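Read the structure below first, then the notes.
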Amino acid sequence: MNLSVWIDGIGFVAPGLPAWPATADVLAGHAAYESAPTVLAPPALLPPAERRRASRLVKAALGAGLEAVSQSGADAATLATVFASSSGDGHNCHALCETLASDDRAVSPTRFHNSVHNAAAGYWGIATGAMAPSQVLCAYDAGFAAGLLEATVQVATAKTPILLICYDAEYPEPIFAKRPVPDAGGVALLLSPARSPQSLAAAKVSLGDTPAVAMADAALEKLRTDIPAMRALPLLQLIARAQAGTVSLEYLAPLQLQVEVAPC
Amino acid sequence: MTPLLLSHFTASTCLGRGLAPTRAALESVASGLKLCDFETVRLDTWIGEVAGVDDVRLPAALARHDCRNNRLALLGLEADGFADAVRAAIGRLGRRRIGVILGTSTSGMLQLELAYRRRDPATGALPEDFTYATTHNTYSVAGFVREYFGLEGPAVVVSTACSSSAKVFAAAARMIACGLIDAAVVGGVDSLCLTTLYGFNSLELTAPGPCRPYDAGRHGISIGEGAAFALLEPAPAALPADPVLLLGAGESSDAYHMSSPHPEGLGARLAMERALADANLSPADIDYINLHGTATPANDAAEGKAVAALFGTAVPCSSTKGATGHTLGAAGALEAVACALALRHGFLPGSANTGQLDPEIPIDYLLATRHAEVRHAVTNSFGFGGSNCSLVLGRPA
Chain D
2 MNLSVWIDGI GFVAPGLPAW PATADVLAGH AAYESAPTVL APPALLPPAE
52 RRRASRLVKA ALGAGLEAVS QSGADAATLA TVFASSSGDG HNCHALCETL
102 ASDDRAVSPT RFHNSVHNAA AGYWGIATGA MAPSQVLCAY DAGFAAGLLE
152 ATVQVATAKT PILLICYDAE YPEPIFAKRP VPDAGGVALL LSPARSPQSL
202 AAAKVSLGDT PAVAMADAAL EKLRTDIPAM RALPLLQLIA RAQAGTVSLE
252 YLAPLQLQVE VAPC
Chain L
-11 MTPLLLSHFT ASTCLGRGLA PTRAALESVA SGLKLCDFET VRLDTWIGEV
39 AGVDDVRLPA ALARHDCRNN RLALLGLEAD GFADAVRAAI GRLGRRRIGV
89 ILGTSTSGML QLELAYRRRD PATGALPEDF TYATTHNTYS VAGFVREYFG
139 LEGPAVVVST ACSSSAKVFA AAARMIACGL IDAAVVGGVD SLCLTTLYGF
189 NSLELTAPGP CRPYDAGRHG ISIGEGAAFA LLEPAPAALP ADPVLLLGAG
239 ESSDAYHMSS PHPEGLGARL AMERALADAN LSPADIDYIN LHGTATPAND
289 AAEGKAVAAL FGTAVPCSST KGATGHTLGA AGALEAVACA LALRHGFLPG
339 SANTGQLDPE IPIDYLLATR HAEVRHAVTN SFGFGGSNCS LVLGRPA
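In order, the protein sequences belong to chains D and L. With the first sequence counted from 1, adding 1 to any position gets you the working numbering. Residue 280 in the working numbering sits at position 292 of the second sequence; the count goes up by one each step and never skips.
See the structure below:
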């Protein structure tokens, strides 16, 4: 089966890159990349109780997702979703482990339900009212490729648009020393089975052996390797430059994900 | 969907290692639950612990994957000759053409919990022997299984809390339909840890005694652990004897609350409807439903409403969690295996520990095992965050 999709919207947030338009400028070479702490907007769509409970990880996911949806003009309430993250909320995990290693092991119920890997997907459902299927994946550093593969497979089999959201956030110490993800980042792609006026590019996905490509710019390459979700950057750069070409994205070596891109 | 063959399957829980003790316990309505004595956890709750997990040794080359969850995975893979069946499939299909798609909720969480007790008193650092990627990380069980078999195809973990390892069947079916792989090792592995025991306790969702699904006096869950696997591949023209097929899958989201099900069971009903549509079957075609049936007051009430609305009292159903406990991320695959046993051996398992049925839930709930031919079975799995998945399994006409 041909795994071809149309990219109808992009959402993005990362250190020094608050949204997709600014990111596209940097990736196209129109502006220099300067890293700065990630700025995460409070998810306005959530009811107040859930907004208070939303972690940085959830904010990164919801922010990127909503940006991609609003660009595409899709209706979030009907969209199926694929979420991919290399971990759950690191601060929450640290707090749970501290409590469980203490004499009083009474953990907070909110901390516990926020510890599930699908917390962002749950909050997304509450925010949008979407009762469509929602997939939640983990593939360690290969999360973007695994998520893009699952999302294109879903577009091909269900023949409906799918929102892919790939997102990560930092762990505090002492876990940070073992898993040094430094900050939050999210990338979202609205993938569609048919071309529309909103379509930015066509993408064809396949498995292959070509080694994953690096970013030429050293600072962007550091971003690509620092935050797992940013393994998407080589693909986003082709789109930002409206350039046709094929990139190989990091998956599960020796297997890599090849994406052939054609601008609209 | 195009039917897929479960060419091999296995399950290990507190009921025992492999299909024989699992079938014997389910058929005789026995329970493997006991008062919680796990690690240093002293809570007034019951658990379903797999015997001998601590004694499992990973191959030396895979020592960096060593943690309770991956030991349980290995214990499960070696039951019923499942690992040999995977190796035979690799011989037939090649290591690139077999995917590894597994569900877990907590993965190697216990490994991090234990490491936090051994932090450097001066710096707070975690011990040097703690390896994050291959134990704690949610992906680690799929990474371990992929490496154990030397597979080089797609691999991923689905982690949607208690629906995780039902959803892996749907994900594998899609990948096979697209021609990316020719077979998949699917399943679920979830192991006991402090986070879930104290966490569910904090939500007041753990029962003081053994869990009693659909009982009028049900008081919550008993947490279990388990490893269940299936080798999923396109059904060949010449089916083997006693084939069990995956006929359909349906997924939905509640869009309601992080830790409570939709009170009317709307998400649950959608998942079942979509699974039936995917299998091209109607409610009247179903002979048995393995319910999610966690035994919390809210879950069984919501699921019961959804089942009653769709099936009325026409379809016998039961939860097997009174026998196994709630194995969380392993529950979907475990209960798919329970359905496979029901289909293959012609029995509808009764409900261990359930005494007095809840009169408010108008469904045909089985207290005792019924022996009857089962042609089509549905299994339900619903998780925190409102993630729902139903599967339809069956035997060919």
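Virtual Cβ for every residue (Gly too), placed ideally from N, Cα, C. Owing to the predicted nature of the structure, the values given are computational and were not obtained by experimental measurement.
Query, Result
"Within the region 88 to 114 of chain D, ranges of the alpha helix (DSSP H) (whole runs, at least 4 residues)", "91 to 101"
"Counted within 10 angstroms of its Cβ, other Cβ atoms place residue 99 of chain L as buried (16 or more) or exposed", "buried"
"Residues near residue 345 of chain L in its chain [Cβ-Cβ closer than 8 angstroms; skip 5 each side]", "202, 203, 204, 353, 355"
"Whole-angstrom distance between residue 14 of chain D and residue 91 of chain D, CA atom to CA atom", "18 angstroms"
"Nearest candidate by alpha-carbon position, reference residue 135 of chain D, set D:53, D:171, D:124, D:12", "D:124"
"Uninterrupted alpha helix (DSSP H) stretches inside the region 219 to 299 of chain L (no shorter than 4 residues)", "254 to 267, 285 to 299"
"Residue range of the alpha helix (DSSP H) that includes residue 327 of chain L", "319 to 333"
"Simplified DSSP state of residue 124 of chain L, which is helix, strand or coil", "helix"
"Candidates D:11, D:163, D:128, D:107, of which the one nearest residue 50 of chain D by Cα", "D:128"
"Own chain, CB closer than 6 angstroms to residue 35 of chain D, minus 5 neighbours either side, in chain order", "17"
"For residue 240 of chain D, the three-state DSSP class (helix, strand or coil)", "helix"
"Interface flag, residue 145 of chain D vs chain L, CB-CB below 8 angstroms", "no"
"Proximal chain L residues relative to residue 1 of chain D, where beta-carbon distance stays under 7 angstroms", "No statement about residue 1 of chain D is possible, as the shown extent of chain D runs from 2 to 265 and does not include it."
"Near-chain D residues of the region 123 to 139 of chain L (beta-carbon distance less than 9 angstroms), N- to C-terminal order", "124, 125, 126, 127, 128, 130, 131, 134"
"Continuous alpha helix (DSSP H) stretch holding residue 202 of chain D: start and end", "Premise fails: residue 202 of chain D lies in the beta strand (DSSP E), 202 to 209, not in any alpha helix (DSSP H)."
"Residues bridged to residue 314 of chain L [DSSP beta-bridge criterion]", "L:211"
"Chain L contact for residue 150 of chain D (CB, 8 angstroms cutoff)", "yes"
"Pairwise C-alpha distance: residue 359 of chain L and residue 148 of chain D", "43 angstroms"
"Of the residues L:270, L:266, L:67, the one placed nearest residue 41 of chain L, counting alpha carbons only", "L:67"
"Beta strand (DSSP E) runs wholly inside the region 17 to 105 of chain L, at least 3 long, in chain order", "34 to 36, 86 to 91"
"Helix, strand or coil at residue 27 of chain D [DSSP, three-state]", "helix"
"Test item: CB-CB of residue 330 of chain L and residue 17 of chain L under 8 angstroms", "no"
"Beta carbon proximity, residue 244 of chain L to chain D, threshold 8 angstroms", "yes"
"Inter-stretch contact (C-beta, 8 angstroms, three-pair minimum) for the region 159 to 171 of chain L and the region 222 to 238 of chain L", "yes"
"Test: residue 93 of chain L CB closer than 8 angstroms to a CB of chain D", "yes"
"Interface flag, residue 118 of chain L vs chain D, CB-CB below 8 angstroms", "yes"
"Cβ separation of residue 176 of chain L and residue 317 of chain L, assumed to be a contact under 8 angstroms, to the nearest whole Å", "5 angstroms"
"Range of the contiguous beta strand (DSSP E) that encloses residue 176 of chain L", "171 to 178"
"Unbroken beta strand (DSSP E) run spanning residue 368 of chain L, endpoints", "364 to 371"
"Classification of residue 271 of chain D by the beta-carbon crowding that lies within 10 angstroms, buried from 16 upward", "Nothing in the structure corresponds to residue 271 of chain D, since chain D is present only between 2 and 265."
"Interface partners of residue 121 of chain L on chain D, CB under 8 angstroms", "141, 180"
"DSSP three-state assignment for residue 13 of chain D, whether helix, strand or coil", "strand"
"Strand pairing of residue 376 of chain L, partner residues [DSSP]", "L:240, L:370"
"Buried versus exposed, by CB contacts within 10 Å (16 or more), residue 160 of chain D", "exposed"
"Inter-stretch contact at 8 angstroms, needing at least 3 Cβ pairs: the region 288 to 307 of chain L / the region 240 to 252 of chain L", "yes"
"Where residue -5 of chain L sits in the DSSP three-state scheme", "strand"
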